[in-house]
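These protein sequences, in sequence, are chains A and B.
All residue numbers for the first sequence refer to the numbering used here, where the first residue is 31 and numbers rise by one.
All residue numbers for the second sequence refer to the numbering used here, where the first residue is 31 and numbers rise by one.
Every residue, glycine too, gets a C-beta built ideally from N, C-alpha and C.
Please read all numbers here as calculations on a predicted model, not as lab measurements.
There are 2 protein chains.
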Amino acid sequence: MNRSTKPLFQPLTRDALSQQIARMLTDAIVSGQLRPGDRVAESVIARDLGVSRAPVREAGRLLESAGLLVSHANRGFFVRTMDSEDLDSLYELRLCIEREAAARVVREARVDGIIDKLRHQIDDMVESSKDEQLIFQIGVDLQFHRLIVESSGNARFLGVFDKLASEIQVCTALIERVFDEPGLVARNHYLIIDALASGDEDEARAAMDYHISVARETVVSHFRTLETA
Amino acid sequence: MNRSTKPLFQPLTRDALSQQIARMLTDAIVSGQLRPGDRVAESVIARDLGVSRAPVREAGRLLESAGLLVSHANRGFFVRTMDSEDLDSLYELRLCIEREAAARVVREARVDGIIDKLRHQIDDMVESSKDEQLIFQIGVDLQFHRLIVESSGNARFLGVFDKLASEIQVCTALIERVFDEPGLVARNHYLIIDALASGDEDEARAAMDYHISVARETVVSHFRTLETA
DNA sequence: TCAAGGTAAATTGTCGACAGACGACAATCG
DNA sequence: CGATTGTCGTCTGTCGACAATTTACCTTGA
Chain A
31 MNRSTKPLFQ PLTRDALSQQ IARMLTDAIV SGQLRPGDRV AESVIARDLG
81 VSRAPVREAG RLLESAGLLV SHANRGFFVR TMDSEDLDSL YELRLCIERE
131 AAARVVREAR VDGIIDKLRH QIDDMVESSK DEQLIFQIGV DLQFHRLIVE
181 SSGNARFLGV FDKLASEIQV CTALIERVFD EPGLVARNHY LIIDALASGD
231 EDEARAAMDY HISVARETVV SHFRTLETA
Chain B
31 MNRSTKPLFQ PLTRDALSQQ IARMLTDAIV SGQLRPGDRV AESVIARDLG
81 VSRAPVREAG RLLESAGLLV SHANRGFFVR TMDSEDLDSL YELRLCIERE
131 AAARVVREAR VDGIIDKLRH QIDDMVESSK DEQLIFQIGV DLQFHRLIVE
181 SSGNARFLGV FDKLASEIQV CTALIERVFD EPGLVARNHY LIIDALASGD
231 EDEARAAMDY HISVARETVV SHFRTLETA
């Protein structure tokens, strides 16, 4: 059987339904069709999609644990709202995770395999910076960071990161303009790559720390002005 | 109306069922009645409890996102298994969180309110160290740490901590003996309190770092010997 | 004896239905 | 006119039932 060497077919997973619905809802939230605070009634969704409420309900619980929805007893799901304080604590957590992840990548000598990939990501980033769609830019940016966290080898870091990343994407759905000159953020990422390549654990930590602290400052203060308005 | 000044009744929450079941399952897992790898069939649980499968299913999903159960498509829930590597990554994450939490407690000047509470916790700890039940000792220990994380003021830190704490409790259900001389761990916690009271951010960080690193080393190595056996 | 295949039992995924809870609006009373 | 109470529609929490899938057991054949 050649199947043992390379799987010809993916095992077609027939669980789906609830996961399909979860993906669909996620897209709707991230794309802004569903805005923070909006009600997500399982009966309504079920009617629209032509399925029963059970899988919708499960999808809701899934997105609740992902932090995209919140549920009130006997009142159902609502798209999660965030204020600048939430966002700040989010970035503080992200800081902890990614700082150590970067250090771990260096410490465990996992650098060699990923430097090239990271450079590719930046190319994508520069490319997408010409795009109007902010959501794509954020996506590519998060992809870059995710690769580092994934390469750290700590599965739990990745789990937390993914959860934070989805929440960050939701926030960006609320922001219309790009913060910086196109391509600037992309170029800044080279500093991280250099730090990783240096082989110095502390340097990697410091680079990541700086990078995310700047982002934190930018995003949170921007969000705060949105609130007062 | 006197009601406006002081509420006469607590709002009685009638949500329950699925949450009740979740608590029940959690207890069963933490107490060791359900062991890692065991199957948790929703139909069986539902029959035993005399309820339909729906709330059991939800409880399962709840505990899945809490990290106590895992689910395979069309095969249901199983109590999560952990190897020493999982445990190590868990403690590494815990290290990141609590280190910063301790620093934050100092930085935000939240020390005053909690020092006394922390001392009380230690009294409880010394008390429980006479107890045979390891699970109680771990519980009180986690309570101490939780208080610090909670006082940090970063809600997300607390969220991650609670998730980790429940997983740690599951692991301890597999360990029979106490690591150290009774009361030693309790006394070690005074070092953390002193560091917090010192008002020096870095000192708090270092104390917490040391404390958890020791625990990490102890628990992981102990778990590793269990595996090879 | 053991591997392969087939059938039956058990379990999950999904559905439609019903009772209770909640929110909004109309009705009532001061 | 304002506040409280009653009513109604909608939605959630829960249930029992059915179809699809997995698991366990048993048969069969070499």
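Three-way DSSP call (helix, strand, coil) for residue i in this model
i	result
residue 99 (chain B)	strand
residue 81 (chain A)	coil
residue 57 (chain B)	helix
residue 151 (chain B)	helix
residue 90 (chain A)	helix
residue 27 (chain A)	There is simply no residue 27 (chain A) to check, as chain A begins at 31 and stops at 259 in what is shown.
residue 204 (chain A)	coil
residue 173 (chain A)	helix
residue 140 (chain A)	coil
residue 182 (chain B)	coil
residue 129 (chain B)	helix
residue 256 (chain A)	helix
residue 229 (chain A)	coil
residue 64 (chain B)	coil
residue 39 (chain B)	coil
residue 314 (chain B)	Outside the modelled stretch of chain B, which goes from 31 to 259, sits residue 314 (chain B), for which no answer is possible.
residue 113 (chain A)	coil
residue 76 (chain A)	helix
Bridge partners - residue i, DSSP secondary structure assignment
i	result
residue 106 (chain A)	A:102
residue 70 (chain A)	A:107
When the options are compared against residue i, the one with the closest alpha-carbon
i	options	result
residue 224 (chain A)	A:120, A:116, A:255, A:144	A:144
residue 201 (chain A)	A:106, A:174, A:114	A:114
residue 156 (chain A)	A:170, A:146, A:147, A:165	A:170
residue 110 (chain A)	A:217, A:70, A:222	A:70
residue 76 (chain A)	A:231, A:238, A:55, A:191	A:55
residue 85 (chain B)	B:186, B:253, B:48	B:48
residue 198 (chain A)	A:90, A:117, A:104	A:117
residue 131 (chain A)	A:99, A:180, A:259	A:180
residue 136 (chain A)	A:183, A:249, A:196	A:183
residue 51 (chain A)	A:91, A:185, A:67	A:91
residue 196 (chain B)	B:134, B:93, B:63	B:93
residue 142 (chain B)	B:172, B:80, B:178	B:178
residue 227 (chain A)	A:189, A:149, A:247	A:149
residue 138 (chain B)	B:229, B:81, B:257, B:102	B:229
residue 219 (chain B)	B:172, B:193, B:134, B:41	B:172
residue 98 (chain A)	A:59, A:80, A:133	A:59
residue 249 (chain B)	B:46, B:168, B:79	B:168
Close Cβ partners of residue i (< 8 Å) along its chain, the five nearest in sequence each way excluded
i	result
residue 242 (chain A)	121, 124, 125, 128, 129
residue 254 (chain B)	114
residue 31 (chain A)	Note that residue 31 (chain A) scores a pLDDT of 42, beneath 50, so its modelled location is shaky and nothing firm can be said.
residue 102 (chain A)	108
Proximal residues to residue i (C-beta, below 7 Å), its chain only, five neighbours per side dropped
i	result
residue 175 (chain A)	128
residue 216 (chain B)	152, 155, 156, 159
residue 233 (chain A)	225
residue 88 (chain B)	48
residue 147 (chain A)	177
residue 235 (chain B)	129, 132, 133
Contacts around residue i, its chain only, beta-carbon distance under 6 Å, and the 5 residues preceding and following it disregarded
i	result
residue 239 (chain A)	129
residue 166 (chain B)	158
residue 62 (chain A)	203
Whole-Å CB distance - residue i paired with residue j, under 8 Å assumed
i	j	result
residue 83 (chain A)	residue 95 (chain A)	That pair is no contact at about 19 Å.
residue 2 (chain B)	residue 68 (chain B)	This structure does not reach residue 2 (chain B), given that chain B is present from 31 up to 259, and the question cannot be answered.
residue 221 (chain A)	residue 245 (chain A)	In fact, because the Cβ distance is near 13 Å, the residues do not count as touching under 8 Å.
residue 119 (chain A)	residue 105 (chain B)	That belief does not hold up - the Cβ atoms of residue 119 (chain A) and residue 105 (chain B) are roughly 37 Å apart, past 8 Å.
residue 133 (chain B)	residue 231 (chain B)	5 Å
residue 112 (chain B)	residue 66 (chain B)	7 Å
residue 190 (chain B)	residue 100 (chain A)	Residue 190 (chain B) to residue 100 (chain A), Cβ: 18 Å. No contact.
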